[in-house]
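Number of protein chains: 2
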Amino acid sequence: MTSTESGAAQSNRFALILAGGSGTRLWPLSRTLLPKQLLALGGQETLLQTTAHRVAQAFSPTKTVVVTNEEHVFEVRAQLGGILPDVAAAVLAEPLGKNTLPAILLGLDRIVAADPQAVVGVFPADHRIDNLVAWGEGMDQAAALAAEGWFVTFGVPPQAPETGYGYIHRGESLGTGSYAVLGFTEKPDRETAEKLLASGRYYWNSGMFVFRADVFLAAVAEHAPVLYDWWQTRGQRPLAEGYAGIPDVSVDYGVVEKLDRIAMVEAGFDWDDLGNWEALYRLGKRDANGCVVQGDVLALDCSNSLFFSQGSTLAVAGIKDLIVIQTRDATLVCPVSEAQRVKDVVAALKDQGSKLVEAHMTVRRPWGSYTVLEDGPGFKIKRIEVSPGARLSLQMHHHRAEHWVVVTGTALVQVGDKEILLTDNQSVDIPKTSLHRLSNPGKVPVEIIEIQSGPYLEEDDIVRFDDVYGRGARVSGESQRDVGDS
Amino acid sequence: MTSTESGAAQSNRFALILAGGSGTRLWPLSRTLLPKQLLALGGQETLLQTTAHRVAQAFSPTKTVVVTNEEHVFEVRAQLGGILPDVAAAVLAEPLGKNTLPAILLGLDRIVAADPQAVVGVFPADHRIDNLVAWGEGMDQAAALAAEGWFVTFGVPPQAPETGYGYIHRGESLGTGSYAVLGFTEKPDRETAEKLLASGRYYWNSGMFVFRADVFLAAVAEHAPVLYDWWQTRGQRPLAEGYAGIPDVSVDYGVVEKLDRIAMVEAGFDWDDLGNWEALYRLGKRDANGCVVQGDVLALDCSNSLFFSQGSTLAVAGIKDLIVIQTRDATLVCPVSEAQRVKDVVAALKDQGSKLVEAHMTVRRPWGSYTVLEDGPGFKIKRIEVSPGARLSLQMHHHRAEHWVVVTGTALVQVGDKEILLTDNQSVDIPKTSLHRLSNPGKVPVEIIEIQSGPYLEEDDIVRFDDVYGRGARVSGESQRDVGDS
Chain H
1 MTSTESGAAQ
11 SNRFALILAG
21 GSGTRLWPLS
31 RTLLPKQLLA
41 LGGQETLLQT
51 TAHRVAQAFS
61 PTKTVVVTNE
71 EHVFEVRAQL
81 GGILPDVAAA
91 VLAEPLGKNT
101 LPAILLGLDR
111 IVAADPQAVV
121 GVFPADHRID
131 NLVAWGEGMD
141 QAAALAAEGW
151 FVTFGVPPQA
161 PETGYGYIHR
171 GESLGTGSYA
181 VLGFTEKPDR
191 ETAEKLLASG
201 RYYWNSGMFV
211 FRADVFLAAV
221 AEHAPVLYDW
231 WQTRGQRPLA
241 EGYAGIPDVS
251 VDYGVVEKLD
261 RIAMVEAGFD
271 WDDLGNWEAL
281 YRLGKRDANG
291 CVVQGDVLAL
301 DCSNSLFFSQ
311 GSTLAVAGIK
321 DLIVIQTRDA
331 TLVCPVSEAQ
341 RVKDVVAALK
351 DQGSKLVEAH
361 MTVRRPWGSY
371 TVLEDGPGFK
381 IKRIEVSPGA
391 RLSLQMHHHR
401 AEHWVVVTGT
411 ALVQVGDKEI
421 LLTDNQSVDI
431 PKTSLHRLSN
441 PGKVPVEIIE
451 IQSGPYLEED
461 DIVRFDDVYG
471 RGARVSGESQ
481 RDVGDS
Chain V
1 MTSTESGAAQ
11 SNRFALILAG
21 GSGTRLWPLS
31 RTLLPKQLLA
41 LGGQETLLQT
51 TAHRVAQAFS
61 PTKTVVVTNE
71 EHVFEVRAQL
81 GGILPDVAAA
91 VLAEPLGKNT
101 LPAILLGLDR
111 IVAADPQAVV
121 GVFPADHRID
131 NLVAWGEGMD
141 QAAALAAEGW
151 FVTFGVPPQA
161 PETGYGYIHR
171 GESLGTGSYA
181 VLGFTEKPDR
191 ETAEKLLASG
201 RYYWNSGMFV
211 FRADVFLAAV
221 AEHAPVLYDW
231 WQTRGQRPLA
241 EGYAGIPDVS
251 VDYGVVEKLD
261 RIAMVEAGFD
271 WDDLGNWEAL
281 YRLGKRDANG
291 CVVQGDVLAL
301 DCSNSLFFSQ
311 GSTLAVAGIK
321 DLIVIQTRDA
331 TLVCPVSEAQ
341 RVKDVVAALK
351 DQGSKLVEAH
361 MTVRRPWGSY
371 TVLEDGPGFK
381 IKRIEVSPGA
391 RLSLQMHHHR
401 AEHWVVVTGT
411 ALVQVGDKEI
421 LLTDNQSVDI
431 PKTSLHRLSN
441 PGKVPVEIIE
451 IQSGPYLEED
461 DIVRFDDVYG
471 RGARVSGESQ
481 RDVGDS
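Residue numbers (the numbering used here), protein chains in the order written: chain H, 1 to 486; chain V, 1 to 486.
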C-alpha cells in the first residue's frame, strides 16, 4: 500500500494549509500583496500549488482546508482552482493577518464540524520539500501517532548550525524514526547552534505538525483560554467577526511548547523554508560557473551568484558571490552571505513610507490585474486586464475623469445609463462623477489602457455601488487595505 | 590681462568642438543615440555645455564651430541654443560618424573661409577639466606657439601608470611649461606605462590641440592626400557629399604623428576623459562611506561604490567596491576595478541584436521626445511630448491605427483634411492610411498618450509628406538610422 492510497483512504484525516504569510523576505519579488507562497520561484508552479499537490498525496482534496489573508483570497482560489477545485472551494479568509494559532482555529471550525476527532495535518504553503515518497510515509507515521493522542512534529536532521531555524530536542524512541520530544530551542545564536548540531539529538523544526482535533482543542482551552472562548462563541456570529480583537499568538508559543505528549517524526525528506534569497541560490539550478540565473540576464565572467531579472535587462560582469534581484520598479543587490539583510532593506523602505514593500507595478485583482505604466502630475496611465467573464465594480470617482481605450478583446462598458461594446482601438470618455463599469463578456482577455486625469488620482477616490466579488460599497476617502482597487 | 580677454580679443583665434562621439563606455546611461557628451553626469550642465562654456573663455562664440553626427544635431543645437546661441548656430553635421580627421576638415571649411591662417583649437566635447584659469592660460601659450607654425598638444602630468591613455614624449624646452615633442606612445601595456611614468618625461595626451589652419592643411595634403582631395573639391558640391566613401582616419594617426614641429604645453589643469564608470566614481562626490550615489538609492552598510538609479528604486546592502548603474530598461553591475568591462557587455549586446545599445526608452527628437511605455502583441503605447511651437511631420501609416489622448497642454491635430484642437483628456482616432499631423501651437509642452494597434508596429511604417525639420519624405520600409522617429 503506498502512502497516497493509505492517506487518501483514511477517512478521518484532514489537512490544513496555512497560506496567510505576507512575508517580504524575498523582496523585491515578494511583496505584501504578492507574498512568497503565491510566487513561482523558478518552477512552473507556485509554492502554494506545489504544497497543495504534495498534501493531496496523503490527504483527500475534499478534506483539505486553506486559510489565507483576505487580501490574497482571490489569488489563492485562482491558483488552486485550476489544479485542485475541491481545495479551491475550501479557502477561508482571515480578515487580517494574525498569527498561526488563530488561523488554525479558523480552519478547524470546518474540520471538527465534519469529524470532532479528525487527525489534522498543518502545512505552511511556502516551504520547499523534496522526496515526496518519504514525505508521504512521514505523514502516515505521524497520523498513527496523532491518533494515539500525540502532538506530532517533523524534525529535519540538521546539516549546518543554522541560526534562522527553531530546533527540536528529541528524547526516547517511540519506534523507528519517531521520538518523544523533550523541548524546543527557538532560533539559537551561532555558538548554541553549533552545540545543538554536535549533540546529534537536535533537529530543525519544519513547522509542519499533525494532531487530533479534540486533543488540540483541549490544549487550546487550557493554555490559550481567550482564543478558545472566541472560538467557542462562533455559533453565535461569523467566526471571523471580532478577529481584530483576539490575541496575535503563534501555535508554538501558545500551545505546543506547553504540551506534555509531543512526538517528533524524523524527516526522510529534504526541507527548506526558503527564508531568504540565499536559500533560492543554494537550491537553484546552477550553471557551469555556479550561477543561478533567471530572466533577461547577460553574465560575463561571473561566479557563484544569483541573478534574477524581470522586465528589463541585467548585465553583470566580473561578479562573484552576489545576489541581484531586479524587478520593474525595484532592484536588490547584496552579497550571497548577507541575504538576511533584505529585512533591514524592507524595514528602511517602510520607514520611508515606500509603496515598494506592498505592491508590484502589476497588481492582481479578482477580475484580472492592472499595471501602472506612468504616474505624472495630473495624470496616471494604467494597463488593465479583465479576465473573460469578469467585471469590475460599478463605481464613480469624484476627482478624476477617465478615458478607456481597448487594445485587445471586446469590452462591455457602462457609462451612466448607457452600455456600449468596444473593441480594438475604440475608446470612451468617463467624466468625473459618472457611474461606470467595465466588463468582459467575451472568451478572451480584455486589455484596455486607462488614462486618468484630475487633481487627485489616488486609489481611494472610489465609490462602489455594486461588486460581484462581494467587496462592500465604500465611501470615498475611506481607508482600505486593498490599495489600487477598482 | 586675463586669459578670457586675451582669448576673445584674438581675432584670428577659432575653436572647433568635436561632439560626434557615439560612445557607449558609460552604458547603460550613454547609448548610441544619447552619447556621453549629451549627458549631465551629476552636474547641472551636460558635458557639451560645460565644454562650450569653457571654450568661450578663450575663444569668441562667433568663431566657434561644432561638429557632430547627424543623429545628434538637433540635440546639440538644443543644448547650446539656451546658453550660447552663436555657437548653436554653427553646428555642423557629419552624415555618419567617421573619425576625427574628416570631422576636423568639415569644421575647417567654415574657419578657413573666414581666415586661412586662423589659429584653431580643437576640443573633444566629452572631457572633464578643472581649473579653468590654468586652462585659459594654456590656450594663450598654445596659440602663441601655433602662430609660429607649431602643432601644439596639451600634456597632462601623469598621476598613475594608466594604460587607457596615449602618452606624449617631451623633448627640449620651448619656454616655461612648453616643450618640443619627441614622439607619442599609444595606450601602453602596464609595464611600459610604469616605465613612462617613472621617466618623468612622458605626459598623458589630453586630445586637445591648437594649430594654424594653413600649416595643418599643408600636412593633410602631404600625409592624407585622399582626404585632402575630397576636401579640395568641396566647392563643386556639398562638403558632406561622398562622406561615406572617405577614409576613416584619426587626426593622430593620419597627420599628427607624421609632423616635425610638434609642441606640448604642460597642462596646469586637471583633466579626465571620463572613459568609463570608474572615472565617474573617482571624480564623483563621495559620502562618508566613500560611495558616490545618485538617484533613488537605499544603501545600507555599503562602501567605496558607485550607485546610480534612474526610474526605479535601487536597494544595496553590505556592498563594497561595486558599480551599479540602473536605468529604466537596463542595469549594469560590475566591480569598480573592472569598469572597462562595459565594452564587453556592449559588444555582447550588439551581437545579440539588442536595441539597448542604441536607444533609451525615452528618445529625444527635434520636436520633443517619446517614451515607449508598453510594447505588446498587436499594440504599442507611447507617451509623446511636443515642445511649444513644435510639430511632427505630416505622415501616414499603412499598417497601424493610432489613438491619441491629450494628458496635458493643447494639441492641434490634423487628420485627413480636418484640423481640431484637443485639450486634457480629449482624444482622436487616426485610422490606417489617414494623413495626420500633431502640433503644439501653445506655450507649454503638450503630452499625449499614443496607442498604436495593428499587425505591424515598427517605426519604419511611416510615409512623410512634409517635415519642418528637413527630414526627407520617406517610403515605408526604407532603412533609416533615426529609429523611433515620427
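Glycine included, each C-beta is placed from N, C-alpha and C at the ideal position. Note that the structure is predicted; figures quoted are calculated from it, not measured.
**Closest by C-alpha distance to Glu172 of chain H, when choosing among H:Pro116, H:Glu374, H:Asn276 and H:Ala263** = H:Ala263
**Asked** Are there 16 or more other CB atoms within 10 angstroms of the CB of Tyr469 of chain H, so buried, or fewer, so exposed?
**Response** exposed
**Message:** Suppose contacts are defined by Cβ-Cβ distances below 8 angstroms. Is Ser312 of chain V in contact with Thr331 of chain H by that definition?
**Reply:** yes
**Asked** Residues of chain V with CB under 9 angstroms from Pro335 of chain H, in chain order?
**Response** Ala317, Gly318, Ile319 and Lys320
**Asked** Is the number of C-beta pairs between the region 129 to 147 of chain H and the region 169 to 184 of chain H that are closer than 8 angstroms three or more?
**Response** yes
**Prompt:** Name the DSSP beta bridge partners of Ser427 of chain H, please?
**Reply:** H:Val405
**Request:** Identify every run of the beta strand (DSSP E) within the region 234 to 296 of chain H, keeping only runs that are complete inside it and at least 3 residues long; order them along the chain.
**Result:** 262 to 266 and 270 to 272
**Request:** Return the residue from the list H:Ile430, H:Asp424 and H:Leu392 that minimises the CA-CA distance to Gln426 of chain V.
**Result:** H:Ile430
**Request:** Taking 8 angstroms as the cut-off, decide whether the C-beta atoms of Gly368 of chain V and Ser387 of chain V are in contact.
**Result:** yes
**Prompt:** Quick one: what's got a C-beta closer than 7 angstroms to Arg103 of chain V's C-beta in the same chain, skipping five residues either side?
**Reply:** The question names Arg, but residue 103 of chain V in the sequence shown is Ala. For Ala103 of chain V, where only same-chain residues beyond five positions count, the Cβ hits under 7 angstroms are Leu18, Gly20, Val67 and Glu94.
**Request:** Examine the Cβ distances between the region 24 to 34 of chain H and the region 357 to 364 of chain H and report whether three or more of them are shorter than 8 angstroms.
**Result:** yes
**Request:** Taking the CB atoms as reference points, tell me whether Val342 of chain H and Trp277 of chain H lie closer together than 8 angstroms.
**Result:** yes
**Asked** At a Cβ threshold of 8 angstroms, is His436 of chain V touching chain C?
**Response** Of the chains in the structure shown, none is chain C; the protein chains are H and V.
**Asked** Using CA coordinates, which residue listed in H:Thr185, H:Ala125 and H:Ala240 is at the minimum distance from Leu108 of chain H?
**Response** H:Ala240
**Request:** Could you tell me which residues DSSP pairs with Met396 of chain H in its beta bridges?
**Result:** H:Val463
**Message:** Check whether chain V comes within 8 angstroms of Arg365 of chain H, counting only Cβ atoms and requiring the distance to be less than that.
**Reply:** no
**Prompt:** Of the residues H:Tyr243, H:Glu222, H:Ala218 and H:His223, which one's Cα is nearest the Cα of Trp230 of chain H?
**Reply:** H:Tyr243
**Asked** For the putative contact between Pro455 of chain H and Phe74 of chain H, defined by C-beta atoms under 8 angstroms, what is the C-beta separation to the nearest angstrom?
**Response** No, Pro455 of chain H and Phe74 of chain H are not in contact; Cβ-Cβ is about 31 angstroms, not under 8 angstroms.
**Request:** Quickly, what does DSSP pair Glu191 of chain V with across the bridge? List them, please.
**Result:** Note: Glu191 of chain V sits in no beta bridge, so no partner.
**Request:** Please name the residue, chosen from V:Leu322, V:Thr433, V:Glu385 and V:Val256, that lies closest to Val210 of chain V on a Cα-to-Cα basis.
**Result:** V:Val256
**Prompt:** What does a CB cutoff of less than 6 angstroms around Ala497 of chain H pick up in its chain, not counting 5 residues either side in sequence?
**Reply:** The requested residue 497 of chain H is not part of the displayed model; chain H covers only 1 to 486.
**Prompt:** Mind checking whether Ile451 of chain V and Ile381 of chain H have CB atoms under 8 angstroms apart?
**Reply:** no
**Asked** Smallest Cα separation from Glu266 of chain H: which of H:Ile168, H:Asn99 and H:Thr100?
**Response** H:Ile168
**Request:** Out of V:Met139, V:Glu137 and V:Val65, state which residue places its alpha-carbon closest to the alpha-carbon of Ala113 of chain V.
**Result:** V:Val65
**Item:** Gly164 of chain H versus Phe151 of chain H: straight-line alpha-carbon distance, rounded
**Value:** 23 angstroms
**Asked** So, helix, strand or coil for Trp204 of chain H, using DSSP?
**Response** strand
**Request:** Note the first and the last residue of the continuous alpha helix (DSSP H) segment covering Ile104 of chain V.
**Result:** Thr100 to Ala114
**Message:** If I measure Cβ to Cβ from His399 of chain H and keep anything under 8 angstroms in the same chain, skipping five residues before and after, which residues do I get?
**Reply:** Lys432, Gly454, Pro455, Tyr456, Leu457 and Asp461
**Prompt:** How big is the Cα-Cα spacing for Met139 of chain H and Ala58 of chain H?
**Reply:** 7 angstroms
**Asked** Once you ignore the five residues that flank Arg237 of chain H on each side, which residues in its own chain have a CB closer than 7 angstroms to its CB?
**Response** none
**Request:** Closer than 7 angstroms by C-beta to His223 of chain V: which residues in its own chain qualify, once you throw out the five before and the five after it? Chain order, please.
**Result:** Gly254, Val255 and Lys258
**Item:** Alpha-carbon spacing of Asp466 of chain V relative to Gln395 of chain V, whole angstroms
**Value:** 7 angstroms
**Asked** Which residue from V:Gln310, V:Leu280 and V:Leu298 puts its Cα closest to that of Ile323 of chain V?
**Response** V:Leu280
**Asked** Does DSSP put Val119 of chain H in a helix, a strand or coil?
**Response** strand
**Message:** Quick check on this structure: which residue in H:Gly275, H:Val407, H:Ser337 and H:Pro377 has the alpha carbon closest to the alpha carbon of Pro35 of chain H?
**Reply:** H:Gly275
**Request:** May I ask you to report which of helix, strand or coil DSSP gives Lys355 of chain H?
**Result:** helix
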